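Q: Same order as they appear, the protein sequences are chains A and B.
When you number the first sequence by UniProt numbering, it's gap-free, plus one each residue, and the end is 583.
When you number the second sequence by UniProt numbering, it's gap-free, plus one each residue, and the end is 226.
We put the CB at the ideal spot given by N, CA and C, even for glycine.
Bear in mind the structure is a predicted one, so any value in this text is a computation, not a measurement.
Pasting in a structure now, in structure tokens, and then I'll have a few things to ask.
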Amino acid sequence: MEKSRPLWDNPVQFVFACISYAVGLGNVWRFPYLCQMYGGGGFLIPYFIMLIVEGMPLLYMELAVGQRMRQGSIGAWKIISPYLCGVGVASVVVSFFLSMYYNVINAWAFWYLFHSFQDPLPWATCPLNSNRTGYEEECEKTSSTQYFWYRQTLNISPSLEVSGAVQWEQALCLTLAWLVVYLCILRGTESTGKVVYVTASLPYCVLIIYLIRGLTLHGAVNGLIYMFTPKLEQLSNPKTWISAATQIFFSLGLGFGSLIAFASYNEPSNNCERHAIIVSLINSATSIFASIVTFSIYGFKATFNYESCINKVILLLLNAFDLEEGSLTADNLNEMKDYLMATHPQEYAQLLPQLKNCSLEAELDTAVQGTGLAFIVYSEAIKNMEVSQLYSVLYFVMLLMLGIGSMLGNTAAILTPLTDSKVIATRFPKEVISGVVCFINCIIGLIFTMEAGNYWFDIFNDYAATLSLLLIVLVETIAVCYIYGLRRFEKDLHTMIGRKLNWYWKVMWAFASPLLIISLFIFYLTDYILTGTLQYQAWDGTQVKQLFIYLFILIPSRIQPSFLKCPLKAAGIDAYVRAEPSH
Amino acid sequence: MLQVLLLTFSVVTVAHAELCKPDAQNAFKVRLSIKTALGDNAYAWDANEEYLFKAMVAFTMRRYSTKTTTQISNVLLCNVTDRVSFWFVVTDSSKNTTTVPGSEVEAAIRMNRNRINNAFLLSDKTLQFLKISSTLAPPVEPSTPVWLIVFGVVLCLIVAAIVFLVVAGIQQRKKKNKESTERENLEEKGEVTITIENGIPCETLDLKAGHINGVFSADDERFTSL
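Written as structure tokens, this is what we have:
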């Protein structure tokens, strides 16, 4: 007798799994950056438009396909058309690439988490140099948090060519990260379903704590004002709209096959339309929520740095002119500077190169995204808070939950097709397949723990999945609308959900979303072609500024979904599927 | 008599002025940031504090080398500013006209920096001897790095959970296999549960009283295939 497909215990587990997958690190470290770059509050307009035009329809389509076909990505697309199992394979390969490098972030989060149990925090002060007369040179030139990230965590090499050795500490953390992922996916939906309760809800608790803490920090309001003042002229910049579309697209995790995998474990009568709307709205709301928190932290950090800068200038002037303490304050600084310039012109001129012009705007303008935001900016803000260990632990636990939630989706995308295929599933139990996949990923992931690992990470992060995903989702949409047939799909959905498909979804699937994806695709292609060589940022330990190094590499892994001719067995499955709705 | 006194006094002052002036040989500049360190509890810098400073330096020189018998009068202060900063020199106790070499003073102060700081309720940063760099205290490092301990704990928990789940899964599968093999064995032996219809075993119906209705036995399989 055929084993029945494992199911989620209740629809809540499914929704939580989707939220846990979609709400990931991108919401925390990419959206605030985009908001800042493309017009602050005004960015929300293109963001919501893209959500409605692109995000919700595509999400609904993927969930519907998964729920209808009740198979992982390879099986589902094989059912839609035997020529299209290449799309499924492409999804699995892209998911494989993603899981290879994504878990390194969890390893880094573990590293920081374990180091948060010290007083003072290790990134709060610079280490001393060898003769204990001052601080390490590299640390002096940048800051203690940057030093901790680039030197003590990554031990980064000056360029990609110098690979360096595998950092054993990072390798240990990576192994632990993979063990945690293995633990969560060990039993399939049985274990994943319980874990997603935690990974979906805990980040919100921490975000609320940070929201309250962030809003009460000194200077947080500066950051919030800066973020939310809309710069509506950015709306005329095409890059704004493209970034909004891209962010929605990648934030929801479309095209990886994870959503199809999750939906395949649903009851056939599950209302995936409602769930699609809920998940996409929660994802966007979380992005905005996280950016409020991020900007209050930015504001705090910028104000802190600005005030430190002013204090340094005051101290310099006091020492140089032997003035009484307290005579120079932040308020009378400018007048006093003019006065001193008038009374002691020579000494003032000598001092001038060291007197930095402190500006709050300049501090706020430093827009950071990615690992720089998560690991440098936040840890810098945390070290200046009271009870910094507690906030540090909370923050890195939140990062871990977000990262592991996304990893669960990625591994589900790889494992579901494997466990669906009869060839593999009958020979090996689920635990062995999951174990082998985790093990292979862990071994390959050791590349990212080498000294040049962060460069590889950046390259993978920026280039590995972008074009492939756009192509995959484009083919998916065309397949469902034109190859499978929109009317047939509509009938299937009516059977599943019991409601007629709204005209809105049909218009979006058939016209709006494919057009949007094609334009995104063309934009990215032209961007690559025009830029010519691809580049990455390197950390030069000797000069300690980030150098742009032009790098001639081929774009790794642009998978063309191969239109494979799958074996004729698929025709039999086709007939079976057609017969099913008559039950 | 008075003139002689005046003369010696002026000579001594001039000599002192020669010895202690900014950038003089073996002179050091000191800078205090009392308000930054103590805030509202800051004390004012006056002649008494200067006296204390001279006493501390004399004490430092005595502690440094037992040979010297530095007196408070051997320590000369000059150019006191509002910042609170000033220069000082230590004159040789035996001959009032020469100064103790800077290296000795530096070494002495470095040795007793902590005592001097504490006398003034200040720290290395707020009581600065400008040419004398302070040795920074190394951070306290435990024998095993803390992160390894936490890592070890978490690793053990995760591995224990994995082992538990895997073993439970294996046991479950073994039980299921045993059940299915038992069922297969029963079927092989022929001890199948007798199918009963309306209280009458089906075999009897087939053989004796029952008629097989052709409509319902149209397909060979009466039961859904496994």
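Check the Cβ-Cβ distances between Ser180/B and every residue of chain A, and say whether any is below 8 Å.
A: So, not an interface residue.
Q: Grab the span of the beta strand (DSSP E) containing Cys78/B for me, first residue to last.
A: Here the beta strand (DSSP E) through Cys78/B covers Val75 to Cys78.
Q: Report the CB separation of Leu470/A from Ile158/B in whole angstroms; it is logged as a contact under 8 Å.
A: 37 Å between Cβ atoms; not a contact.
Q: Could you work out which residue in Ala362/A, Gly403/A and Leu160/A is closest to Asn305/A when comparing CA atoms only?
A: Nearest of Ala362/A, Gly403/A and Leu160/A to Asn305/A, Cα basis: Ala362/A.
Q: Closer than 7 Å, Cβ to any Cβ of chain A: which residues of the stretch 113-131 of chain B, in chain order?
A: Within the stretch 113-131 of chain B, no residue has a Cβ that lies closer than 7 Å to any Cβ of chain A.
Q: Just checking, does the stretch 286-304 of chain A make contact with the stretch 18-27 of chain A on the three C-beta pairs under 8 Å criterion?
A: Contact holds: three or more Cβ-Cβ distances are below 8 Å.
Q: Taking Phe88/B as part of the beta strand (DSSP E), name the residues at either end of that continuous run.
A: From DSSP, the beta strand (DSSP E) with Phe88/B extends over Ser85 to Val90.
Q: Pick helix, strand or coil for Gln71/A, following the three-state DSSP scheme.
A: Residue state, collapsed to three classes: coil.
Q: So, does the CB of Phe16/A fall closer than 8 Å to a CB anywhere in chain B?
A: Not one chain B Cβ lies under 8 Å of Phe16/A.
Q: Short of 6 Å in beta carbon distance, which residues of its chain neighbour Leu215/A, apart from the five on each side in sequence? Order them along the chain.
A: Contacts found: Ser296.
Q: With a cut-off of 8 Å on the beta carbons, I'd call Trp539/A and Ile156/A a contact; round off their distance for me.
A: Indeed, because the Cβ distance is near 5 Å, the residues count as touching under 8 Å.
Q: Give me the Cα-Cα distance between Pro561/A and Phe521/A, rounded to the nearest whole angstrom.
A: The pLDDT assigned to Pro561/A is 40, lower than 50, so where the model puts this residue is not dependable; a value taken from the coordinates is nonetheless given after this. About 15 Å.
Q: Taking a cut of 7 Å between CB atoms, which residues from the stretch 137-150 of chain B lie near chain A?
A: Residues passing the 7 Å Cβ filter: Pro138, Val146, Trp147 and Val150.
Q: Looking at chain A, which residues of the stretch 27-46 of chain B have a Cβ within less than 8 Å of any of its Cβ atoms?
A: The stretch 27-46 of chain B vs chain A, Cβ under 8 Å: Arg31, Ser33, Ile34, Lys35 and Thr36.
Q: On the criterion of 16 or more Cβ atoms from any shown chain inside 10 Å, does Gly75/A qualify as buried, or is it exposed?
A: The residue in question, Gly75/A, is buried, as its Cβ has 16 or more Cβ neighbours within 10 Å.
Q: Let me make sure I understand the geometry here. Which of Leu38/B, Ala168/B, Phe28/B and Phe120/B has the alpha-carbon closest to that of Pro101/B?
A: Nearest C-alpha to Pro101/B: Phe28/B.
Q: Between Ile209/A and Phe457/A, what straight-line distance do the alpha-carbon atoms span, to the nearest angstrom?
A: About 31 Å.
Q: Just to confirm before moving on: does the CB-CB distance between Pro417/A and Gly72/A stay below 8 Å?
A: Yes, Cβ-Cβ distance for Pro417/A and Gly72/A is below 8 Å.
Q: Looking at Thr303/A and Asn222/A, is the spacing between their C-beta atoms short of 8 Å?
A: Contact: yes.
Q: Cys85/A: buried (16+ other C-beta within 10 angstroms of its C-beta) or exposed?
A: Classification of Cys85/A: buried, given that the 10 Å Cβ count is 16 or more.
Q: Looking at chain A, is there any beta carbon in it that lies within less than 8 Å of the beta carbon of Arg173/B?
A: Answer yes: the Cβ-Cβ gap between Arg173/B and chain A drops below 8 Å somewhere.
Q: Work out the CA separation of Met407/A and Leu148/B for me, nearest whole Å.
A: Rounded to the nearest angstrom, the two C-alpha atoms are 25 Å apart.
Q: Give me the subset of the stretch 113-133 of chain A whose CB atoms are less than 7 Å from a CB atom of chain B, sorted by chain position.
A: Under the 7 Å Cβ criterion, the stretch 113-133 of chain A contributes Phe114, His115, Phe117, Gln118, Leu128, Arg132 and Thr133.
Q: For a contact meaning CB atoms closer than 8 Å, what does Leu176/A contact in chain B?
A: Residues of chain B passing the Cβ test: Phe151, Val154, Leu155 and Ile158.
Q: How many Å lie between Asn185/B and Arg173/B at the Cα?
A: When rounded, the distance between both Cα atoms is 18 Å.
Q: Give the single residue among Val90/B, Pro138/B and Gly39/B whose Cα lies nearest to the Cα of Asn129/A.
A: Of the candidates Val90/B, Pro138/B and Gly39/B, the one whose C-alpha sits nearest the C-alpha of Asn129/A is Pro138/B.
Q: Are the beta-carbon atoms belonging to Thr229/A and Gly41/A less than 8 Å from one another?
A: Contact: yes.
Q: Measure the C-alpha to C-alpha separation of Thr413/A and Phe16/A and round it to an integer number of angstroms.
A: First, the amino acid is wrong: residue 413/A is Ala here, not Thr. Spanning the two alpha carbons is a distance of roughly 16 Å.
Q: Reducing DSSP to helix, strand and coil, say where Ala425/A ends up.
A: Residue state, collapsed to three classes: helix.
Q: What is the rounded straight-line gap between the Cα of Lys131/B and the Cα of Asn26/B?
A: C-alpha separation (whole angstroms): 11 Å.
Q: Of all Cβ atoms in chain B, is any one closer than 8 Å to the Cβ of Asn319/A?
A: Yes, Asn319/A counts as interfacial toward chain B.
Q: Only counting the same chain, and skipping five residues up and downstream in sequence, which positions put a Cβ closer than 8 Å to that of Val393/A?
A: Excluding sequence neighbours, Val393/A sits near Leu113, Ser116 and Phe117.
Q: Buried or exposed for Leu154/A, please, with buried defined as at least 16 other CB atoms from any protein chain shown within 10 angstroms of its CB.
A: Buried is the call here.
Q: CA-CA distance, Ile310/A and Gln152/A?
A: Each residue's alpha carbon lies about 30 Å from the other.
Q: Report yes if the C-beta distance between Asp257/A and Gly88/A is below 8 Å; otherwise report no.
A: For clarity, residue 257/A is Gly in the given sequence; the question names Asp instead. Closer than 8 Å, so yes.
Q: What residues of chain B sit near Pro429/A, judged by a beta carbon separation below 9 Å?
A: Ordered by position in chain B, the residues that pass the 9 Å Cβ test against Pro429/A are Gly169, Ile170 and Arg173.
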